[in-house]
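First up is the structure itself, then whatever we jot down about it.
Numbering (the numbering used here), first residue to last: 1 to 98.
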């Protein structure tokens, strides 16, 4: 019977995973940048309601964009942490190699 308590990893797989995370973050940022003009709302009239609705939608877009950028940064931080841990583990294994 095999034990499931062992952690096994292939450094190359982790490197690929971190590259995928970086690409995901970049795609999210690029998408938000590309769609920004489509998400900007101009008030269709000069009345207060139209102005207020457009302002609210633009504020929501700005907040969402900020949160999306924070999410992309968090994904990059996770990838960087995973890369650093992988490097540490590979280094430790090389130190103990016979």
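Ideal Cβ positions, reconstructed from N, Cα and C, are used throughout, including at glycine.
Please read all numbers here as calculations on a predicted model, not as lab measurements.
Would you tell me roughly how many angstroms separate the C-alpha atoms of residue 58 and residue 49, rounded to the nearest one? 14 Å
Helix, strand or coil for residue 15, going by three-state DSSP, please let me know. helix
When we look at the beta-carbon of residue 72 and count the other beta-carbons within 10 Å, is it buried (16 or more) or exposed? buried
Mind reading off the beta-carbon distance from residue 43 to residue 51? Whole number of angstroms is fine, and I expect it under 8 Å. 5 Å
What first and last residue would you give for the alpha helix (DSSP H) that runs through residue 67? 48-95
Buried or exposed (CB count within 10 angstroms, at least 16 for buried), residue 81: exposed
For residue 25, is the classification buried or exposed, using 16 other Cβ atoms within 10 angstroms of its Cβ as the cut-off for buried? buried
Tell me whether residue 22 sits in a helix, a strand or coil according to DSSP, three-state version. helix
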